[in-house]
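Enquirer:
In full-length UniProt numbering, the protein residues as written are 1 to 108.
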């Protein structure tokens, strides 16, 4: 059986200062990190297209700059995911848990 809740509970929660703080914390981390990663990715793409000589520079045996940059794309992706999980656990999850408890209390 599905329980219908009064939407005003959710609207009230969305308008609360705690929810706005949660959004601010999320956005203040996610947006700059997204911009930084996209800039890093676009640098890789642009260098691959327009700086072929540089990207083809051999560093060690047959390993060139392009290969190192490509691998670093994966490394940076995992580092960002790890950093986000730490940020979320420390800054977002405690506040989100409080908000969820408040909503559950009002909707029971």
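Virtual Cβ for every residue (Gly too), placed ideally from N, Cα, C.
Is the stretch 41–49 close to the stretch 67–75, with three or more CB pairs under 8 angstroms?
Expert: As far as the Cβ criterion goes, the stretch 41–49 touches the stretch 67–75, which means the pair count is three or higher.
Enquirer: Roughly how many angstroms lie between the CA atoms of residue 7 and residue 14, to the nearest whole one?
Expert: Distance between the alpha carbons of residue 7 and residue 14 is about 11 angstroms.
Enquirer: Can you tell me the Cα-Cα spacing of residue 12 and residue 52, whole angstroms?
Expert: If you take the alpha carbons of residue 12 and residue 52, they lie about 56 angstroms apart.
Enquirer: Just to confirm my understanding: we take residue 73, look at its own chain, exclude 5 residues before and 5 after, and list those with CB closer than 7 angstroms. What are they?
Expert: Closer than 7 angstroms at the Cβ level, and outside the excluded window around residue 73, lie 41 and 44.
Enquirer: Starting from the C-beta of residue 80, find all residues in its chain whose C-beta is less than 8 angstroms away, skip the five residues before and the five after it, and write them out in chain order.
Expert: Once the five neighbours on either side are set aside, the close Cβ partners of residue 80 are 33 and 37.
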